[in-house]
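Participant:
There are 2 protein chains.
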Amino acid sequence: MGTAERKQREKELRKKQILKAAEKIITRKGMLSTTMEEIAESCELSKGTIYLYFKNKEELNLSILIMVLENFTRIMEKNLKKLNTFEERLRSIGESYLEFYKNYPGDFKIMNHNPEQHPEIEHSSRELERDLLATSSKLWGVVENVIREGMDLGLIRKDIDPLEIGISLWASSNGMIQIMEHIRSDAQRGVHEKSNIEEMDEYSRRFMGMDFEQMLRNLWAAVNNSILVKPAY
Amino acid sequence: MGTAERKQREKELRKKQILKAAEKIITRKGMLSTTMEEIAESCELSKGTIYLYFKNKEELNLSILIMVLENFTRIMEKNLKKLNTFEERLRSIGESYLEFYKNYPGDFKIMNHNPEQHPEIEHSSRELERDLLATSSKLWGVVENVIREGMDLGLIRKDIDPLEIGISLWASSNGMIQIMEHIRSDAQRGVHEKSNIEEMDEYSRRFMGMDFEQMLRNLWAAVNNSILVKPAY
DNA sequence: ACAATAAACTGACCGGCAGTCATTATGTGC
DNA sequence: GCACATAATGACTGCCGGTCAGTTTATTGT
């Protein structure tokens, strides 16, 4: 009798529906401003029902984060598949990141959202934690593989850890974009509609006299240069 | 008659007292978990009074952020003054950052706290915005000056923008530490007491098999190498 | 077809917190 | 010691995350 299985599938489906609906709102309003009530309304359920599928708001947010990370990894992998030379592939990682930031600014913000810890509150399920760790590990792994590829080709110094480079690139990109968000929000607190690269560029130029994308590319170049056997000065 | 002036001074003093008290709590509990009531209690005032000195919680948080940034800039400048050679001074910037992270983990968290924007809510005062921008500009400026010094000595390539390097270093360091916080909080959601370098290192080694400080230093080296005239491989 | 049982769903309610405001207390000038 | 301004208060409002007793809907056994 497949009823139990169908029930299970339906339950998973509902969960996905809620996640999708929540993502839609959160990408517009941000995690903090979005209320559980709003999410419930948008998928035509009551607030209580949401809590049948997610223990609390934090778990819901975490689940969305996992979804977004998976999505980004997919994009990055898709872009990598199209390319043949190692140089292109190394460059492609940064480009994917920038592309994601441009095309999905809301999701990007989710990706970089760092939840504040409340020591008193009971923490989210171990399972979800493991999922998140696994998902981000997979993401870094993709970068790691490209670096490793470069090592095999003798193009990248073998005395460094490929994962370390992956994380460095990732970290510095995040940091750079965050600093830009900071500058933008300092400059235009509460007035803007949504994050986009043109706006970012404008502020970047206005306040620091330089192009944002160019800065990001230069930073990547800096990291890349230091890992290549023959740096391209 | 100096009464008005004294009143003014007293008002400023109160504001500082509130800020100090708030900082003390926030460094322990974080910005989100700290309530206005708690802050009020800790400086023996009522909640309403706090709102006479700060328009809302966001403005209070922003004022604290400015205070923390000023403090960090002071530390960085103090460390720079002690050193004579350019190489030491360049290195010192990164070390100051790490030192601040180790010694004032709560303040460090404030420094990296990115407030979510609520478009509906009226934004904070223009004056405060300008203060924040001026303060962070001053911070980057310190880095910029060291880079410029290196250029004058012919040790740093002149075809790059010193401010850009300053921001890059700052951004990548922030990003790196944030990613570590992420990993740590993924691994140990809600269980830890407070941020400290030993704990960070433990997680860094456990999950990525590498030392956190070493990673940070390597990242700085990467950026530095790409700006030096003769990279030190 | 229908009762028994389980599973999904609801929304009124609770507690906590940001922010408000009518009222009270304190200090200053005359 | 009175008039006035300024500082401070805390009860109150509205919002939101989270709960739970009760209701609706689906499934199973006979």
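If you're matching them up, the sequences are chains R and Y in order.
Under this note's numbering, the first residue of the first sequence carries the number 7, and numbering increases by one thereafter.
Under this note's numbering, the first residue of the second sequence carries the number 7, and numbering increases by one thereafter.
Every residue, glycine too, gets a C-beta built ideally from N, C-alpha and C.
1) Quick one: is R/Trp-176 near chain Y, going by C-beta distance under 8 Å?
2) With burial defined as no fewer than 16 other Cβ atoms inside 10 Å of the residue's Cβ, what is the status of Y/Ser-131: buried or exposed?
3) Closer than 9 Å by beta-carbon distance: list the chain Y residues that pair up with R/Ser-179, in chain order.
4) So with CB distances below 7 Å, who are the chain R contacts of Y/Leu-161?
5) Which residues bound the alpha helix (DSSP H) around R/Thr-33?
6) Against chain Y, does R/Glu-65 count as a neighbour if the rule is that its beta carbon must be under 8 Å from one of theirs?
7) How would you list, in chain order, the residues of chain Y whose beta-carbon sits under 8 Å from the beta-carbon of R/Glu-224?
8) Hey, how far is the Cα of R/Thr-141 from the Cα of R/Arg-95?
9) Kindly indicate which three-state DSSP category R/Ala-227 falls into: helix, strand or coil?
10) Measure the C-alpha to C-alpha separation of Y/Asn-118 and Y/Asn-180 and round it to an integer number of angstroms.
11) Leaving out five residues on either side along the sequence, give the residues of the same chain with a beta carbon under 8 Å from the beta carbon of Y/Leu-71.
12) Decide yes or no for the touch test of the stretch 38-57 of chain Y against the stretch 70-85 of chain Y: beta carbon pairs closer than 8 Å, at least 3 of them.
13) Please classify Y/Leu-58: is it buried, with 16 or more other beta-carbons within 10 angstroms of its beta-carbon, or exposed?
14) Less than 8 Å between C-beta atoms, sequence neighbours within five positions excluded: which residues of the same chain meet that for Y/Ile-31?
15) Relative to the C-alpha of R/Asn-224, which candidate in Y/Asp-167, Y/Glu-83 and Y/Lys-17 has its C-alpha closest?
16) In angstroms, rounded to a whole number, what distance separates the CA positions of Y/Phe-60 and Y/Leu-134?
17) Please state the DSSP three-state secondary structure of R/Phe-60.
18) Would Y/Thr-33 be called buried (16 or more neighbouring beta carbons within 10 Å of its own) or exposed?
Facilitator: For this structure:
1) Closer than 8 Å to some Cβ of chain Y, the Cβ of R/Trp-176 qualifies, so yes.
2) By the Cβ-count criterion, Y/Ser-131 is exposed, with fewer than 16 other Cβ atoms from all chains shown falling within 10 Å of its own Cβ.
3) Simply Ala-177, Ser-178 and Gly-181.
4) Contact annotation for Y/Leu-161 against chain R: no contact, minimum CB-CB distance about 15 Å [criterion: below 7 Å].
5) Where R/Thr-33 is concerned, the enclosing alpha helix (DSSP H) stretches over 9-35.
6) Contact with chain Y is absent for R/Glu-65, since none of that chain's Cβ atoms lies less than 8 Å from the residue's Cβ.
7) Checking the sequence shown, residue 224 of chain R turns out to be Asn, not Glu. The contacting residues are Ile-166, Glu-170 and Ser-174.
8) Spanning the two alpha carbons is a distance of roughly 21 Å.
9) Helix.
10) For Y/Asn-118 and Y/Asn-180, the distance between alpha carbons rounds to 7 Å.
11) Within the same chain, Y/Leu-71 has close Cβ partners Ile-116, Met-117, His-119 and Leu-138.
12) Contact between the stretch 38-57 of chain Y and the stretch 70-85 of chain Y is absent, because fewer than three Cβ pairs lie under 8 Å.
13) Using a 10 angstroms sphere on the CB of Y/Leu-58, the tally of other CB atoms stays under 16, which defines it as exposed.
14) Same-chain partners within the cutoff: Thr-40, Glu-44, Ile-45 and Ser-48.
15) Measuring from the Cα of R/Asn-224, the nearest candidate turns out to be Y/Asp-167.
16) Separation of Y/Phe-60 and Y/Leu-134 (C-alpha to C-alpha, rounded to the nearest whole angstrom) is 11 Å.
17) Residue state, collapsed to three classes: coil.
18) Under the 10 Å beta carbon count, Y/Thr-33 is surrounded by 16 or more other beta carbons and is classified as buried.
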